[in-house]
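Data block below; observations after.
There are 2 protein chains.
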Amino acid sequence: MSATTSAEVTHGTTYVDLEGLDSLFRPTSIAILGASNEVSKIGGRPLRFLKESGFEGSIYPVNPKYDEVQGLKAYPSLAAIAGDVEMVIIALPKPFVKDAFIACAAKNVKVVTLFSAGFAEESDEGAALQNELSAFARANGMRVLGPNCLGSASRKSGATATFAAVEAVEKPHWRNDSVALVSQSGAIAAAWLIQGLVRGINFDPWVSTGNECDIELADCIAYLALDDDVKVIAVYMEGCRNGDKLREALKLAYERKKPVVMLKVGRSDVGAKAAASHTASLVGSDQIFDALFRQYNVCRVDSLTELLDTVYAFSASTLPTGDKIGLMTGSGGVGILMADVATEVGLDVAPLSPGLQASLKEVWPAAGVGNPIDTTAQLMNDGQLLSTFLQKVLGGAEFDTVVLFLSYMGLLKPWSDTLVEAVRRARDSFPDANLIVAMTATPEVRDAIEDMGIIVYEEPVTAVHVAARMARTGMGFARAADTAVADGSSVSAAGTGELTEVAATQLLAQAGVPVLPTKVVTSSDEAKIVSREFEFPVVMKIVSPDILHKTEAGGVALGISSPDEAAAAYEKIIASAAAYDADARIEGVMIAPMIRDGVETIIGVLNDPAFGPTVMFGLGGVFVEVLKDVTYRLAPFDRDVALEMIHEIKGFALLDGARGAAPADIDALADTLSDLSIFAADNRDHIESIDLNPFLVRPVGKGAVAVDALITRIGH
Amino acid sequence: MSATTSAEVTHGTTYVDLEGLDSLFRPTSIAILGASNEVSKIGGRPLRFLKESGFEGSIYPVNPKYDEVQGLKAYPSLAAIAGDVEMVIIALPKPFVKDAFIACAAKNVKVVTLFSAGFAEESDEGAALQNELSAFARANGMRVLGPNCLGSASRKSGATATFAAVEAVEKPHWRNDSVALVSQSGAIAAAWLIQGLVRGINFDPWVSTGNECDIELADCIAYLALDDDVKVIAVYMEGCRNGDKLREALKLAYERKKPVVMLKVGRSDVGAKAAASHTASLVGSDQIFDALFRQYNVCRVDSLTELLDTVYAFSASTLPTGDKIGLMTGSGGVGILMADVATEVGLDVAPLSPGLQASLKEVWPAAGVGNPIDTTAQLMNDGQLLSTFLQKVLGGAEFDTVVLFLSYMGLLKPWSDTLVEAVRRARDSFPDANLIVAMTATPEVRDAIEDMGIIVYEEPVTAVHVAARMARTGMGFARAADTAVADGSSVSAAGTGELTEVAATQLLAQAGVPVLPTKVVTSSDEAKIVSREFEFPVVMKIVSPDILHKTEAGGVALGISSPDEAAAAYEKIIASAAAYDADARIEGVMIAPMIRDGVETIIGVLNDPAFGPTVMFGLGGVFVEVLKDVTYRLAPFDRDVALEMIHEIKGFALLDGARGAAPADIDALADTLSDLSIFAADNRDHIESIDLNPFLVRPVGKGAVAVDALITRIGH
């Protein structure tokens, strides 16, 4: 057993619960309640699969009606079994499940897989029973998978605890068993298991979590992150009750540089939500998931096929740590197509060095030696050309990944012999090169190439897309984890309700957020004197815990350009405020400089019920309001993550000196985002939301400043 | 022969040349110069293919070395053949090609297919020879395909005039021969021919155009647009020398409602170009192609596979005329996934009517009856459920397309029998329903479904993407063609050089473009009097053919709010202009109202060398400068096309009343775009570019107005 034991791994984790998962994936004994002789029935299938899968532990069919089931000795009850039972599969109708749980507890069972349906997915009564069962299991130290799930299977241990019909499909020679699969949908797990067959992917282990009354997706991801037999984790997810747990699980995988390839559905609901104009509503749940995935280098995919194509590549290859891509082709057209796509997905289609260009031209003067490298149709005529080109291009080591398009050379002899030979020689000479082949081929030719550990797609565009995912994920692992976020001195926002702008500003300043230097004055004379401390023009605003809409109350004056104007403005503001709300507590009038240079951005924090404080960043004005051009990260995060956020937005050019403006002080912006995220995370229990709008990013060297700050605390 | 003859079709076309294309695709006799006994050689393959393809015309191998080639009587020369020769295949090395052309002309040959390489693609000398050959052919009334091409094949006539090795691959039982293929790349044609095999697509006819010394891609598209045997045209394109010809060809297909599915490469070059900030450079060539494709309802795809997936669907089905999509699934997860994708690609995932919902709930109360419709896993248990649901959903006729996801039901009995039966019953009951099935299936089950004329994909996301392309293309054919553009009274911009703003404004006003009412004054007294005719404030600008940069010359005054200010501004502008350029011819000072409401847009026209005047539209400011959020159409076009442009831009919400503003007068904007396009097309020989920047679109009912207008004419 190569996985770290649960005792070891629970050390250091706070949210995920790995207790009993060894018993799920590597049990030494399994009993089946409701075991059936009929191999097509839900109680017959797991028994059949266990017998066929080479499971070496004890198998105990339980069925009071028979002495023997499928040729194995059957037991009238769990209690009648002499030895220990580590895992129990319950394949009984709902009315019998409760008694079954009691029997399991009495037998000191470690984990129960509950196939039965009719619980939370069906009715309130079902949900109540499900809650009762999970509470009972927890009290008795049992873990539960399901209910309403397809079960799980570990090919290495042979523990095929499932009724999935796909297990009955004849399996071809397996190539790849280093990809694990965790799915909240049984149907999607089954579809992947089937479609994996033809791609040589033997998901191991796989698990379908169903209603998740106890064992959650995140628990499984964490367990597999720590399992050394697993190289890649494929996940299908619909939602998540416990954001911290999921975050911790993904972090475990991230720290071990183990790729998680994720199909998360539910984008479109968010699309609708995002249409709303309120800032807070921009933080739709799918966008938080997206932030989480970016933060922990999860590779998000958009279709069933994309997941399979991606895990196939990730499990077969070492991920590159750069994004320079070399494109080799015998078809100029496909070369352009691949270059188009590579550029579009952000790969670096870097030109070849002059030396390499000359060296290729020497071999075949008519070749295209830019990037793409085009051998021309001579590839088909000259049996040596492909090999010579491959040796030179891989030997040059100028690319992190090379995609080689060979049209249908793999389909016809003698071309297919030539190509297999050329690729074999390339593999022998450069075993570490990341080479992807795109071609139509016979199964034999494809097998020959794959047996060298080189992946093959038919579609060149797919090859380039996968190359991009490999590069992005490989580079993501190369960057530092957010565990490096400094603790810093904690600034507390304890208390309830909204803070005045002055109080919010002070708190943010302590937390490291650059704010306007302000002074509060309480008389027109003081306004006249104090205003001189600022560079004119200044702005003046009412300070009152009772007046939230300052402009509406006539409580704001802009462009004050002299001490006398400041004095007059003071009187006017106080009078307006009194007229607006005679009972308002007035604490004075705030004076602040009026900053007019800088790019207008917007920074927000929303305390998500599942994931905690989440930081939003975007450009102000039409960018956020019309284009929803914003990005998110879960707090806390470091400066590098903040810089990623900044570069991610579509309007980034505006910060980078577009339209002839000076480049903005991106360093100051990144520091603010990171500092604010730390402050927000520290105050997760106190803060509901923060809005810095606008947050002006001034030209390089001049820093940045929050012009308006609003902090809303939890409770009233 | 079902195609219209070339004599008929050339009538009414101006640019495409259909002469001789019947001889290419349906010749009655073919001679092969360089015919070889070796079936793997370039001169041996076409002979072999012709023998095997059932070609019923005469085949004449020409080779002076043999009396017989591949069992057929061989001829020492073309002249030695007794009868007429309609088509000649030249499979000779370059040095022999010129004499071969002379022999072809002497024999009154109609079309020559020239496989030989070493022409324009290789050297200047090769290009010169190529030009010489095409001129000779033209003078002698012969058409030429190639050189450097793979040839062509028509399966119906058996004219397999190609050396493509793919023709040697054994073909399975064909299902679909209504898709034609035209490619500028031989390698991509070959890849599609091969990959088409496994999808049951038998491209017929197909043609590879190579160097296009005479017959161009567009000629072939036009010919196939008029061929009633062809239902869909698949195209691979890299570029196009003659934009008008391509436009005409696509228009022919459009008017006949014949879908063209296009893989056009070369996007990424444009990406680089688009980075430049100058407006004119925004009109990169790929963007013009994109405009052309939108205008003529060409379905543009992004990969080899996408093209195959799309032509498969388009040829098997009648395209829907609406975008309401029904999603049916046995997996809740895949339902959400399909809904996500459908929403993202703009399909209408409309809810079911309450009646239909109730009717489904009656059958299976646990079903999800929103959209997606989720039968739940009960689908697998209840043999009647699928059929009952399908009958009800298709019977309701509430959707233009229904996508049905069946996981791997097609792989295992008895499920596969159940599903084939259910789909057959649905097909029989609703023969016109557009149903797409997504599932993993055995070849037999897939064949059974496809034989009913229902398309099958494995990936549900692909099914939804294809459904979107079907809807978009079907709806595109339903809208009016731009042939409806009214001629109107032609406004001439004859002359050369840049026009003054006043002259440009007058011309545009005549053409129907709303411009500011302006007056030109020539003294401060006149300024004082005339300014009263306007509502203050007004703007004043110098009028001089020699001063292009008016602001730089101090020639602009904004916010003039009284007659006295107007008089003063006049003096100041004249003085500044004189100081700026003492020799400048001053025609006076223009007075215009200062419009301040309205959304700032930008409208441009660029006279493209290949396609003629192209109209650009976008929002002003950051939208065009930072986000390149612009769209294009080739002039002329009607109001409906203009409305499409307006709705296409990402920032459309700004015109639609975003940020609390009043909705803008989109009708006025659409009229302007259409009128300007007609003006630009009429003046194709005179106008180099037009810039209306800004063009203000005011609130509904208040119209729109060009605040600044620049027309540059061709020449100096």
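Just so you know, the sequences run in chain order A and B. To convert, note that position 606 of the first sequence is 612 in our numbering; the numbers rise steadily by one, no gaps. To convert, note that position 328 of the second sequence is 334 in our numbering; the numbers rise steadily by one, no gaps. Heads up, the beta-carbon is just placed ideally off N, CA and C, and yes, glycines get one too. Here the structure is a predicted model, which is why all the values come from computation and not from measurement.
message: Under 9 Å, Cβ to Cβ, is there at least one residue of chain A near residue 466/B?
response: Within the second sequence, numbered from 1, the residue matching residue 466/B stands at position 460. Chain A contact via Cβ: present.
message: I need the DSSP call for residue 115/B, collapsed to helix, strand or coil.
response: By one-based count along the second sequence, residue 115/B stands at place 109. Here residue 115/B sits in coil by DSSP.
query: Quick one, which of 484/A, 701/A, 559/A has its alpha-carbon nearest residue 263/A's?
result: The count along the first sequence starts at 1 and reaches residue 263/A at position 257. Comparing Cα positions, the closest option is 484/A.
query: Beta carbon of residue 392/B, beta carbon of residue 400/B: below 9 Å?
result: Translated into the one-based positions of the second sequence, residue 392/B becomes position 386. Translated into the one-based positions of the second sequence, residue 400/B becomes position 394. Not closer than 9 Å, so no.
message: Can you give me the C-alpha to C-alpha distance between residue 225/A and residue 310/A, rounded to a whole angstrom?
response: Start at 1 with the first residue of the first sequence, and residue 225/A comes out as number 219. Start at 1 with the first residue of the first sequence, and residue 310/A comes out as number 304. Computed Cα separation, rounded: 23 Å.
Whole-number beta carbon distance between residue 461/B and residue 433/B, since they are thought to touch under 8 Å: Position 427 of the second sequence, counting from 1, holds the residue named residue 433/B. Position 455 of the second sequence, counting from 1, holds the residue named residue 461/B. Not quite, the Cβ-Cβ distance comes to about 12 Å (not below 8 Å), so this is no contact.
query: Which residues, in order along the segment 390-424 of chain B, keep a beta-carbon less than 7 Å from a beta-carbon of chain A?
result: 413, 414, 417, 418
- prompt: Which of the three DSSP states, helix, strand or coil, is assigned to residue 489/B?
  reply: Working through the second sequence from its first residue, we reach residue 489/B at position 483. Confidence in residue 489/B is poor, its pLDDT being 49 and thus under 50, which makes the residue's placement too unreliable to answer from.
- prompt: How would you write the range of the beta strand (DSSP E) that residue 87/B sits in, first residue to last?
  reply: Position 81 of the second sequence, counting from 1, holds the residue named residue 87/B. Segment: none, residue 87/B is in no beta strand (DSSP E) and carries neither H nor E.
- request: Please name the residue in 414/B, 387/B, 553/B whose C-alpha comes closest to that of residue 595/B.
  value: Here residue 595/B refers to the residue found at position 589 when the second sequence is read from its first residue. Per the Cα distances, 553/B.
task: Please list, in chain order, all residues of the same chain as residue 452/A whose beta carbon is under 6 Å from its beta carbon, the five residues on each side excluded.
output: Indexing the first sequence from 1 puts residue 452/A at position 446. So the qualifying residues of the chain are 462.
- prompt: Can you give the beta carbon distance from residue 709/B to residue 674/B, rounded, assuming they're within the 8 Å contact cut?
  reply: Position 703 of the second sequence, counted from the first residue, corresponds to residue 709/B. Position 668 of the second sequence, counted from the first residue, corresponds to residue 674/B. That pair is a contact at about 4 Å.
- request: List the residues of chain A whose Cβ lies closer than 9 Å to the Cβ of residue 194/B, in chain order.
  value: Numbered from 1 along the second sequence, position 188 holds the residue referred to as residue 194/B. Residues of chain A passing the Cβ test: 337, 339, 340, 343, 413.
- prompt: Using DSSP with H/G/I as helix, E/B as strand and the rest coil, what is residue 687/B?
  reply: Stepping through the second sequence from its first residue, residue 687/B is reached at position 681. In the structure shown, residue 687/B sits in a helix (DSSP, three-state: H, G or I).
field: Any alpha helix (DSSP H) of 4 or more consecutive residues that is wholly inside the segment 386-450 of chain A
entry: 391-402, 421-435
- prompt: From 427/B, 406/B, 407/B, 408/B, pick the residue whose C-alpha is nearest to that of residue 416/B; which is it?
  reply: Sequence index remark: in the second sequence, residue 416/B carries index 410 (1-based). Minimum Cα distance to residue 416/B is reached at 427/B.
field: Interface partners of residue 646/A on chain D, CB under 7 Å
entry: The structure shown contains no chain D; the protein chains it does contain are A and B.
message: Distance cutoff 9 Å, beta carbons only. Does residue 587/B sit that close to anything in chain A?
response: As a working note, residue 587/B is residue 581 in the second sequence. Judged by the 9 Å Cβ criterion, residue 587/B is not in contact with chain A.
- prompt: Is residue 81/A helix, strand or coil when you go by DSSP?
  reply: For the purposes of this step, residue 81/A is taken as the residue at position 75 of the first sequence. In this structure, residue 81/A counts as strand in the three-state DSSP scheme.
task: Throw me the rounded Cβ distance for the residue 672/A and residue 661/A pair, which I believe falls under 8 Å.
output: Walking along the first sequence from the start, residue 672/A turns up at place 666. Walking along the first sequence from the start, residue 661/A turns up at place 655. Sure, about 6 Å apart at Cβ, within 8 Å.
task: Please specify which runs of the beta strand (DSSP E), each continuous and at least 3 residues long, are wholly inside the segment 308-393 of chain B, giving them in chain order.
output: 331-335
message: Strictly by DSSP, which residues pair up with residue 614/A?
response: Your numbering for residue 614/A matches position 608 in the first sequence. Bridge partners of residue 614/A: 618/A.
message: Which residues of the segment 41-75 of chain B have a Cβ closer than 8 Å to any Cβ of chain A? Give them in chain order.
response: none
- prompt: Closer than 9 Å, CB to CB, is residue 207/A near chain B or not?
  reply: Numbered from its first residue, the first sequence carries residue 207/A at position 201. Judged by the 9 Å Cβ criterion, residue 207/A is not in contact with chain B.
message: Counting only beta-carbon separations shorter than 9 Å, does residue 297/B have a partner in chain A?
response: Here residue 297/B is taken as the residue at index 291 of the second sequence, counted from 1. Not an interface residue.
field: CB of residue 347/B within 9 Å of CB of residue 267/B, strictly
entry: Taking the second sequence and counting its residues from 1, one reaches residue 347/B at position 341. Taking the second sequence and counting its residues from 1, one reaches residue 267/B at position 261. Result no, Cβ atoms of residue 347/B and residue 267/B do not sit closer than 9 Å.
7 Å Cβ shell around residue 243/A - same chain, five flanking residues per side excluded: Walking along the first sequence from the start, residue 243/A turns up at place 237. So the qualifying residues of the chain are 190, 223, 268, 270.
- prompt: Which chain A residues are close to residue 656/B, counting only those with a beta carbon under 7 Å from its beta carbon?
  reply: Reading the second sequence from its first residue, position 650 is the one you call residue 656/B. The answer, in chain order, is 633.
Listed by chain order, chain B residues near residue 308/A by CB distance under 8 Å: Position 302 of the first sequence, counted from the start, is the residue given in the question as residue 308/A. Within chain B, the residues near residue 308/A are 347, 467.
field: Where the beta strand (DSSP E) containing residue 38/A begins and where it ends
entry: Here residue 38/A refers to the residue found at position 32 when the first sequence is read from its first residue. Per DSSP, residue 38/A belongs to the beta strand (DSSP E) from 35-39.
message: Three or more C-beta pairs under 8 Å: does that hold for the segment 119-139 of chain A against the segment 150-162 of chain A?
response: yes
query: Using DSSP with H/G/I as helix, E/B as strand and the rest coil, what is residue 161/A?
result: Within the first sequence, the letter at position 155 stands for residue 161/A. Of the three classes helix, strand and coil, the one that applies to residue 161/A here is coil, per DSSP.
task: Let me know the beta strand (DSSP E) ranges lying completely inside the segment 592-666 of chain B, each 3 residues or longer, listed in chain order.
output: 594-599, 605-614, 618-625, 636-640
Cβ contact (3+ pairs, closer than 8 Å) linking the segment 525-545 of chain A and the segment 560-573 of chain A: yes
- request: Kindly say whether residue 242/A, judged by its beta-carbon, lies nearer than 9 Å to any beta-carbon of chain B.
  value: The sequence position of residue 242/A within the first sequence is 236, counting from 1. Yes, contact with chain B.
message: I need the boundaries of the alpha helix (DSSP H) containing residue 565/B, first residue and last residue.
response: For the purposes of this step, residue 565/B is taken as the residue at position 559 of the second sequence. First-last for residue 565/B: 562-566, but that is the beta strand (DSSP E), not the alpha helix (DSSP H).
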